[in-house]
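Residue numbers (our numbering), protein chains in the order written: chain R, 1 to 405; chain H, 1 to 377.
All C-beta atoms in this analysis are idealised placements derived from N, C-alpha and C, irrespective of residue type, glycine included.
Just below is one structure, and these are the notes that go with it.
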Amino acid sequence: MTSTATAPGSSGSLDADGLAARVQALLDDHDPATTDRIDFLRTRFDAGLAWVHYPEGLGGLGADPGLQPEVDVALAAAGAPDNRPHTNIIGLGMAAPSILRFGTPDQQRRWLRPLWTGEEIWCQLFSEPGAGSDLANVATSARPDGDGWVVNGQKVWTSLAHDATWAILVARTDPALPKHRGLTFFVCDMSAPGVDVRPLRQITGESEFNEVYLDDVRIPDDQRLGEVGQGWAVTQNTLMNERVAIGGGTIPRESGAIGELVKAWREHPERRTAGLHDQVLRFWVEAEAGRLTAERLGQQQAAGLPGPEGSGAKLTHARLNQQVSALELDLLGDEALRYGDYSARRPVLVAHADSPAGWRYLRAKGNSIEGGTSEIMRNIIAERVLGLPPEARADKDTPWKELPR
Amino acid sequence: MTAATTSHTATPRTGDLLYTEIEDDLRSSVRSLLDKRSSWDAVLARTESADTTDRELWRTLAGEVGCAALAVPEDLGGAGASWREVAVVAEELGRAVAPVPFLGSAGIAAALLLALGERELLAELASGELVVALAVPFGTVPGERPVTVELREGRLSGTVLGVADAAAAHVLLVPVGDALYAVGSKANGLARHEIVSLDMTRPLVDLVLDGTDARLIAQGPQVHDAVTDALRIGAVLLASEQLGLAERCLDMTVEYLLVRRQFGRVLGSFQALKHRLADLWVLITQARAVARYAAECAATGSPDLPVAAALAQAHCSVVVQQAAEECIQMHGGIGFTWEHPAHLFLKRAKSTAIALGTAERHRAALAGLVGIPGAQR
C-alpha cells in the first residue's frame with residue numbers, strides 16, 4: 001500500500017465542535033430524564049464520550065484529552081448521570097490506564113466498559129507488610145499451574161477491596177531473579193475462592209483500607225496483564241498515574257484544609273490571638289502558592305510540557321495538610337478535645353469537609369505515606385530533577401530469594 | 001491601616017503562568033549579555049570600586065536591549081510590552097545580582113510616571129538616557145506614606161534615608177503631602193550620601209534636601225494611589241528578581257555538590273543534603289508560580305493584583321533567603337569567604353526580603369485583603 005491518506009473513520013483530529021455535536025447527538029437520542037442510569041452510561045461509553053482520548057470502541061474517539069472537561073461539563077449541564085467517580089478511584093485512575101497500555105484487545109473489551117460505568121469496582125493488590133516504599137520487594141507468589149497460576153500471600157492498604165469486583169495484582173513469578181525482574185502483573189477476581197478481605201482499622205478509628213489474604217487463589221493465564229516478568233514496568237506506569245491523580249488538578253482558592261482553618265478563624269473571634277494570626281496567614285500563603293503551582297503544572301501539561309512538579313505537589317500537599325489541620329485543633333481548643341466517633345468498624349469512604357477537625361488532623365498523617373512517602377518523593381526530585389547520585393542499592397543484582405528479610 | 005472588609009476570596013481567573021516564546025527570547029539575550037559583562041567576579045570587583053553602579057552595562061541593557069522601554073507604550077517611544085516581560089528581565093538581573101538601576105527606574109519610577117501620565121520624563125526614561133528614582137526608603141511597604149520632606153516657599157526640605165537606585169539617578173521623584181515633585185540630581189541644595197549598604201550590589205543613598213529647587217509633577221489624592229500602585233509593581237518585579245536569585249543559588253549548589261568529595265563520596269550523594277535540595281526545588285517551583293501570577297496580574301490590570309503582589313512577596317522573600325542560606329551552608333567553608341559569590345547572594349537575598357516590605361508586612365496586608373482579621377485583644 002502506498003497511500004498516505006488517513007484511514008476512513010479516523011477521528012484523530014476531532015475538535016471541540018465535533019465533540020459538542022456528538023454530545024448533542026447522544027442527548028437527542030437518550031434523554032437523561034427518561035433513560036435508565038446504567039443504560040445512559042453504557043451508551044455514552046459506546047459513543048466514545050467516556051474518555052475521549054481513548055481509542056474508538058474503548059470509550060473514546062482518539063481526541064485530545066484536554067477536551068474531556070468540556071464534554072463532562074456539557075453532559076452534567078444536561079442532567080446526565082455521572083459514573084460516581086469517587087466510588088471507583090482506583091479503577092478509573094490506575095487500573096484503566098494500565099489495561100489500556102498493557103492489556104490485549106480481548107482484555108480491554110472485557111474490562112474497560114463496566115469499569116467506566118461503575119458496574120465493576122476495582123482495587124489494587126500492591127503493598128504488603130514487607131513491601132511498602134520498597135514495593136518491588138513483594139513476596140506474594142504466583143506459581144504456574146496448568147493453564148493458569150496459583151497465588152499465595154498477604155496484601156495490605158487495599159482501598160475499596162470490600163467493594164471491588166476486580167483487582168490489579170503484582171506478584172512474584174520468579175524468586176531466582178533480582179527483585180524488579182521476577183514480577184508479573186495480573187487481574188484478580190475478588191470473588192475467587194481463597195480471597196479473604198479483612199477491614200484494617202486505622203488511626204482515625206474507621207476502616208478505609210483492608211488487608212487481603214490470598215490463599216491458593218487460581219488466576220487463569222488470560223488474566224495476566226503484560227508479559228511474564230514485566231510486572232514492574234506495569235506497576236511503575238500505574239504509580240505514575242497515581243501521583244498525577246494525587247498532586248494535580250484545578251481547585252478553588254481557600255479550598256481543602258486551609259478553607260476549614262480560615263472558616264474556623266472567622267467563626268471564632270474569641271479564640272484569635274496575634275500569634276495564631278500570623279500562622280494562619282503563613283498557611284494561607286503556602287496554600288495559595290501550592291494552588292497556583294498546581295495550576296501552572298496543569299498549564300504545562302496542556303501545552304505538552306509535562307514536568308516533574310507532580311512529586312513536589314504531592315510533598316507540599318501532605319506537609320501543608322498536616323500542619324494546617326494541626327493548627328486548626330490549636331485554634332479550636334476545648335472543642336478540639338472532643339473527637340466524634342472512634343467506633344466505626346466497616347470500611348468507609350469519608351468526605352473530608354463533613355468530618356470533624358480531629359478526624360482531618362488524624363487522617364492527614366497518612367498523606368505523607370500513601371502513594372509514596374515524602375522521603376521517597378524527595379529522592380525522586382533529587383535524583384531525577386536535580387541529577388544527584390542515586391541511593392546505594394545493595395539489592396539491584398541479587399536474586400530476590402537471597403535478599404535478607 | 002484598618003483592615004479592609006473587601007473580600008478577595010473568590011477564585012480569580014489565573015491567566016497565563018507560563019513563559020511566552022518572546023519572553024524566552026528576551027531572557028536569552030539578557031542572560032548572554034550578563035554572562036559576558038556581569039560575571040560574579042566582575043560584580044564583586046565593582047562593589048569595591050568608586051562607582052558602585054555599572055553604568056556601561058546599564059547603557060547596553062537600556063539602549064541596545066531595550067530593557068527600560070518594555071512597559072512603556074509605543075507612542076512614548078516604548079516597546080509596548082507588559083510587566084510580564086519586565087519581570088523576566090528582573091529574574092535575569094536577580095540571577096546575576098547585577099548592579100544596575102533597573103528595579104527603581106524601569107520598574108517603580110516608570111510605573112509611577114505611567115500612572116500619572118507624565119509623558120516627557122517617561123519617554124526619556126524609556127530611551128535609557130535618563131535614570132529616575134522614587135525618593136522613598138527602600139523598605140517602604142506599598143500603601144505606606146513615609147513622607148519626611150516638606151515644602152517651604154516653593155522649595156523642598158527634609159531627609160529621605162536609604163533610597164535605592166538614587167546614586168545613579170538623574171531625576172528624583174519626591175512625594176510631599178499629596179503632591180509629587182521632580183528634583184534634578186544637580187539641583188542646588190540636594191546632597192546625596194551613598195551609605196554602606198548590606199547589599200553591596202544595590203547601593204542605597206541618604207538624600208538631604210535643604211531648600212532644593214523642584215518641579216511640581218502632580219497634585220491631588222491620585223498621587224498617593226499612584227505611588228502605592230508603583231510600589232506594588234515594584235514588589236511584583238522584586239518577586240521575580242528573588243526567583244531568579246533563588247534559582248541561581250540552587251543551581252550553583254547542585255553543581256558544587258556534584259564535584260566536591262568528602263568521606264570518599266561526592267557530597268550530593270548524601271541523602272540529608274539531597275532532601276534539603278529537593279525541598280528547596282519545590283519552594284522555587286512555587287515561587288515561579290506566584291511570581292508569574294503576580295506579573296500576569298500586573299500586566300492585565302487584574303483586580304487581584306493587591307493580593308497577588310502581597311502573596312508573591314510573602315512567599316518569594318522567604319524562598320530567596322532559604323536558597324541563599326542553603327547555598328552558603330552547603331558550600332561549607334568556601335561559602336563563608338569573600339572570594340566566593342555566596343555572600344553577594346545572601347546580602348542581596350536578605351535585602352530584597354526587607355525591601356518594599358517584609359514577608360510579615362505583606363501577610364498583614366493580605367489579612368485585610370482576604371478577610372482574615374486579627375485578634376481584637
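R/Ala-357 places its beta carbon 8 Å or farther from that of R/Leu-320. According to the DSSP assignment, H/Val-319 belongs to the alpha helix (DSSP H) that extends over 305 to 331. In this structure, H/Phe-102 is the residue among H/Ala-10, H/Phe-102, H/Leu-113 and H/Thr-212 with its C-alpha nearest to the C-alpha of H/Leu-238.
By the CB criterion at 8 Å, H/Pro-142 and H/Leu-356 fall inside the cutoff. Excluding the 5 residues flanking it on each side, H/Met-330 has same chain C-beta neighbours closer than 6 Å at Thr-253, in chain order. Shown in chain order are the members of the segment 338 to 371 of chain H whose Cβ falls below 9 Å from a Cβ of chain R: Ala-359, Glu-360, His-362, Arg-363, Ala-364, Leu-366, Ala-367, Val-370 and Gly-371. Just measuring C-alpha positions, the residue of R/Ser-159, R/Pro-269, R/Gly-387 and R/Pro-178 sitting nearest R/Gly-91 is R/Ser-159. For H/Thr-201, none of the residues of chain R pass the 7 Å Cβ criterion, the least Cβ distance being about 27 Å.
By the Cβ test, the segment 295 to 310 of chain H is in contact with the segment 75 to 84 of chain H, since at least three Cβ pairs between them sit closer than 8 Å. By the C-beta density criterion, H/Ser-105 is buried, having at least 16 other C-beta atoms within 10 angstroms.
The Cβ neighbour count for H/Val-136, taken over all protein chains shown within 10 Å, is at least 16; the residue is labelled buried. At a cut-off of 8 Å, the C-beta of R/Glu-267 has no neighbouring C-beta in chain H. In this structure R/Ala-313 touches R/Ala-294 by the C-beta definition: roughly 6 Å separates them, less than 8 Å. Spanning the alpha carbons of H/Thr-60 and H/Arg-31 requires a straight line of approximately 13 Å. Within the segment 254 to 278 of chain R, Glu-254, Val-262, Trp-265, Arg-266, Pro-269, Arg-272, Thr-273, Ala-274, Leu-276, His-277 and Asp-278 place their CB atoms closer than 8 Å to a CB of chain H, listed in sequence order. Approximately 13 Å separates the beta-carbon atoms of H/Ala-62 and H/Ala-71; this is outside 8 Å, ruling out the contact.
Here R/Thr-316 is buried: its Cβ has 16 or more other Cβ atoms, across all protein chains shown, within 10 Å. Around the Cβ of H/Gly-154, a 10 Å sphere holds fewer than 16 other Cβ atoms; the residue is exposed. Contact check for R/Gly-103 and R/Leu-183: beta-carbon distance about 17 Å, past the 8 Å limit, so the pair fails to qualify.
Per the DSSP secondary-structure output, R/Asn-210 pairs in a beta bridge with R/Pro-199. Using a Cβ-Cβ cut-off of 8 Å, R/Ala-287 does not count as an interface residue toward chain H, since no Cβ of chain H sits closer than that to its own. Around the CB of R/Ala-303, fewer than 16 other CB atoms lie within 10 Å, so the residue is classed as exposed. One Cα belongs to R/His-86, the other to R/Cys-123, and the distance between them is close to 13 Å. Bounds of any beta strand (DSSP E) do not take in R/Asn-379; it lies within the alpha helix (DSSP H) bounded by 374 to 380. For R/Arg-384, none of the residues of chain H pass the 9 Å Cβ criterion, the least Cβ distance being about 10 Å. For the segment 321 to 335 of chain R, the beta-carbon criterion of a distance under 8 Å to any beta-carbon of chain H is satisfied by none of its residues. Neighbourhood of H/Gln-376 in chain R, by CB distance below 8 Å: Pro-269 and Arg-272, in chain order. At least 8 Å separates the CB of H/Arg-13 from every CB of chain R.
When DSSP states are grouped into helix, strand and coil, H/Val-131 belongs to the coil group. In the three-state reduction of the DSSP assignment, R/Glu-288 falls in the helix class, which pools H, G and I. Note on geometry: alpha-carbon atoms of R/Met-94 and H/Asp-24 lie some 36 Å from one another.
R/Gln-299 reaches chain H at Thr-14, Asp-16, Leu-17 and Leu-18, counting residues in chain order whose Cβ is nearer than 9 Å.
Contact annotation: in the segment 286 to 307 of chain H, residues whose CB is within less than 9 Å of a CB in chain R are Gln-286, Ala-287, Arg-288, Ala-289, Val-290, Arg-292, Tyr-293 and Val-307.
Using a Cβ distance threshold of 8 Å, R/Leu-75 and R/Val-52 do not count as a contacting pair.
For R/Gly-60 and R/Asp-189, the gap between their C-alpha atoms comes out near 26 Å. Chain R has no Cβ within less than 8 Å of the Cβ of H/Ala-246.
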